[in-house]
Structures are given as structure tokens and as C-alpha cells.
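A.B. asks: In this text, residue positions in the sequence shown follow UniProt numbering: the first is 1, and each later residue adds one. Quick one: this structure, given as C-alpha cells, is what I'll be asking you about.
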Amino acid sequence: MNIFSIEIYKHNKEERIARTWGTTAPGLPYVEEAITNAGNWLIGGDLEVIKPIKYHDGLDRFRMSPAELREEFKRRNADAVFAFQLRNPVHNGHALLMTDTRRRLLEMGYKNPVLLLHPLGGYTKADDVPLSWRMKQHEKVLEDGVLDPETTVVSIFPSPMHYAGPTEVQWHAKARINAGANFYIVGRDPAGMSHPVEKRDLYDADHGKKVLSMAPGLERLNILPFKVAAYDKTQGKMAFFDPSRSQDFLFISGTKMRALAKSGENPPDGFMCPGGWKVLVEYYDSLAPTGNGKVAKPVPA
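Here you go:
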């Protein structure tokens, strides 16, 4: 329930697409989902929320408002809050980045840094794992002790994923300031995707973190670029990539991870906690063809 002060303005689709994505090439997922068939007028304006929306999907306990998040960090006596956004299941490479960030903050003199694990809760591409299954997987990561529940707050970030690279990552970072974060972890090609037509990445892999270092309005947010993590075959675990012994490392992409889960295979030991991987396999099992040859609809987690 809310009060909305309405403003109506023309929807210049081509300009919006060009400015947001830097291209008008066909095949941009969010454009096809939400813009191409949208109307020619948009409604905006100030919004005063009286009562938050409830989805009654079993995930409302994770839908914390910025004010609720700030209160939670205060309750936990956090003297630093570092945010990590993702739209994928958490593997041990992600966990390494998050735990190493906390270590760095402790070395900087902070006494109780708290992690805000803030997965995307809005639109994602059809080949991404649905939110309900991702949240179930994240819970297993905490249960298995990969991340410390005492120093981790898991909350859904309700934004859709635009896959708009350096433009979108500014929104992602600024929104976390409102939620109480003062550190933001950013990696290679944030909010990026492959070019929808050409065989290349749509954005330069380093432009996202460069934009964040100079974008206005981010003065209160410390940007923390992270090193690349990969599977170290000599240690049997995820580790920071060492170019001097590149032959020892295996890069397991999201595509490869999904292919393994779909086929019921296991990744190398140390890639993901067993409980989290089991959830991922269960999700893809729920998509297997039924007896009539049709693919079943995803079962809610």
C-alpha cells in the first residue's frame, strides 16, 4: 500500500536502450522482456510506502527494506558493512572473496565487519537459477559453515537484472549505500553479458569498477575490487588465481556449472559445499521431462 505522486512522460524506447546498454542490437534480454512491448508512456514520481508488499511465497522474511537492514546492522553492532551482489548460486570462489574481504577489513582496524549478501530478486534471464532455489542454496551455504551466520545478513535485493554493465552497476552500488553498506565488492564485468549478436563480451571487463571509482554520489562508498578466484587443482579448492602457475587452475564458468548440475555430475571437491550443490541438482532434476515427454514447470523450493 502506498501514496504515489504521479508524473507522466513519453517513453523514448530507442534513446533509453541506447543510453542504458550502449547498443540497440536485438536480443538484449531485459529489453525484450520489459521494454520492446511496453507502452509509449511511462509513469513515475515520488512514492510514499504505507505498508510493504507481501508475496506470501516463503521468502518474505528475506525481503528487508533499507531501514530494516540498517536496523539489523545496528543490532549486530556492525562497524563496517560490505555488500556482495550475485544472481547465481554461491560457490566457494564467491565465499573466498567474501571471507577475504572481511579479513582485510579486520586488518584495517574494524572490529565487527558484517556481510550483506544481497542476491537479485527481480527479473533474470531464463537460463539463470530462479530466486526461490537460489535462496534455498544460500541457506545451505550458511548451514554448512561456508559463510558465518553470525556475521552475514542475507536479504533479497528486489531489482530486476538489466545486464547493462557499467551503467547498471552504478545503481547497484548506490542502492547499497541506502541499505547501510559502506563497502561494495565489485569484480570482473559486473552486470555484464555476452553481446547478443557478436561473439564477444558486450562490455569491457574493467569498465564497471572504473566507472564506480569516478561516478558522482558514491563518495560514501568504498569500492573493493577483488582478485579472480579459480579452482586450484594442486590444493583441491578455490583460490586466488596465480598467473605464474596458470596451468594449475581450472576456471568453471556458470555455463559449465549448470551443465554439470543438469547432468547430475559433481564438480571437483572444494568447488561448492555439498549441501548447496545438492540444491542445484534438485532444481535441474525438477526440470526433467515427465512421463509424457513434456518438461515440468519448476517446483518451488
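Ideal Cβ positions, reconstructed from N, Cα and C, are used throughout, including at glycine.
#1: Spell out the partners DSSP gives Leu117 in its beta bridges.
#2: Secondary structure at Phe4, three-state DSSP: helix, strand or coil?
#3: In whole angstroms, what separates the C-alpha of Met193 from that of Leu106?
#4: Let's test the definition: count the other Cβ atoms within 10 Å of the Cβ of His172 and tell me whether it reaches 16, buried, or not, exposed.
#5: Assign Asp242 to one of two classes, buried (16 or more other C-beta atoms within 10 Å of its C-beta) or exposed (fewer than that).
#6: Does the Cβ of Val49 have 16 or more other Cβ atoms within 10 Å, making it buried, or fewer, making it exposed?
#7: For Met238, which residues does DSSP report across the bridge?
#8: Given a threshold of 16 other Cβ atoms within 10 Å of its Cβ, counted over all protein chains shown, does residue 329 qualify as buried or as exposed?
#9: Between Pro196 and Arg76, what straight-line distance do the alpha-carbon atoms span, to the nearest angstrom?
#10: Quick one: which unbroken alpha helix (DSSP H) runs of 4-plus residues sit fully inside the region 41-91? Chain order, please.
#11: Anyone know if the C-beta pair for Phe84 and Leu131 falls short of 7 Å?
#12: Between the region 204-218 and the region 28-43, do at least 3 Cβ pairs fall closer than 8 Å?
#13: Does Pro149 pass the burial test, meaning 16 or more other C-beta atoms within 10 Å, or should it be called exposed?
#14: Determine the direct distance from the alpha carbon of Asn88 to that of Val129, and round the result to whole angstroms.
#15: Comparing C-alpha positions only, which one of Pro119, Val81, His94 and His138 sits nearest to Tyr110?
#16: Between which residues of its own chain and Pro268 is the CB-CB distance below 6 Å, once the five residues before and five after are set aside?
#17: If you check the beta carbons only, do Leu96 and Ala179 fall under 7 Å apart?
#18: Expressed to the nearest angstrom, what Euclidean distance is found between the alpha-carbon atoms of Ser263 and Lys140?
#19: Are the beta-carbon atoms of Met135 and Leu59 separated by less than 7 Å?
#20: Using the beta-carbon count (16 or more within 10 Å), is Ser155 buried or exposed?
#21: In whole angstroms, what is the alpha-carbon distance linking Ala99 and Thr124?
#22: Around the C-beta of Glu143, are 16 or more other C-beta atoms found within 10 angstroms, so that it is buried, or is it exposed?
#23: Asn92: which of Arg16, Lys10, Pro274 and Ala126 sits nearest, CA to CA?
#24: Assuming Ile223 is part of the beta strand (DSSP E), what are its boundary residues?
#25: Have a look at Ser5 and Leu280 and give me their C-alpha separation to the nearest angstrom.
#26: Judging by CA-CA distance, which residue of Pro289, Lys278, Pro26 and Ala288 is the nearest neighbour of Val90?
#27: Name the residue from Glu15, Leu224, Gly27 and Met64 whose alpha carbon lies nearest to the alpha carbon of Tyr163.
#28: Pick out whichever of Asn266, Gly22, Val31 and Arg102 has its Cα sitting closest to the Cα of Thr152.
#29: Going by DSSP in three states, Lys10 sits in which element: helix, strand or coil?
#30: Does Tyr184 come out as helix, strand or coil in the three-state DSSP assignment?
C.D. replies: The answer reads as follows:
#1: Partner(s): Phe84 and Val154.
#2: For Phe4, the three-state secondary structure derived from DSSP is strand.
#3: Answer to the nearest angstrom: the Cα atoms are 34 Å apart.
#4: Classification for His172: buried.
#5: Its Cβ having fewer than 16 others within 10 Å, Asp242 is exposed.
#6: Label assigned to Val49: exposed.
#7: Beta-bridge pairing links Met238 to Tyr231.
#8: Outside the displayed span of the chain (1 to 301) sits residue 329, for which this structure offers no information.
#9: Approximately 44 Å between the Cα atoms of the pair.
#10: You should have 66-75.
#11: No, the Cβ-Cβ distance between Phe84 and Leu131 is not below 7 Å.
#12: In this structure the region 204-218 does not touch the region 28-43; the number of beta carbon pairs closer than 8 Å is below three.
#13: Flag for Pro149 reads exposed.
#14: Straight-line measurement puts the Cα of Asn88 at about 7 Å from the Cα of Val129.
#15: Out of Pro119, Val81, His94 and His138, Val81 has the C-alpha closest to the C-alpha of Tyr110.
#16: Beyond the five residues adjoining it in sequence on each side, Pro268 comes within less than 6 Å, by CB distance, of Tyr231 in the same chain, given in chain order.
#17: In this structure, Ala179 does not lie closer than 7 Å to Leu96 by Cβ.
#18: Spanning the two alpha carbons is a distance of roughly 21 Å.
#19: In this structure, Leu59 lies closer than 7 Å to Met135 by Cβ.
#20: Burial call: buried.
#21: What sits at residue 99 in the sequence shown is Thr, not Ala. If you take the alpha carbons of Thr99 and Thr124, they lie about 26 Å apart.
#22: Glu143 comes out exposed.
#23: Comparing Cα positions, the closest option is Pro274.
#24: For Ile223, the enclosing beta strand (DSSP E) starts and ends at Asn222 to Pro225.
#25: About 43 Å.
#26: Checking every option, the nearest Cα to that of Val90 belongs to Lys278.
#27: For the options Glu15, Leu224, Gly27 and Met64, the alpha carbon positioned closest to that of Tyr163 is the one of Gly27.
#28: Closest by C-alpha distance to Thr152, out of Asn266, Gly22, Val31 and Arg102, is Arg102.
#29: DSSP places Lys10 in strand when its eight states are reduced to three.
#30: Taken through DSSP and simplified to helix, strand or coil, Tyr184 comes out as strand.
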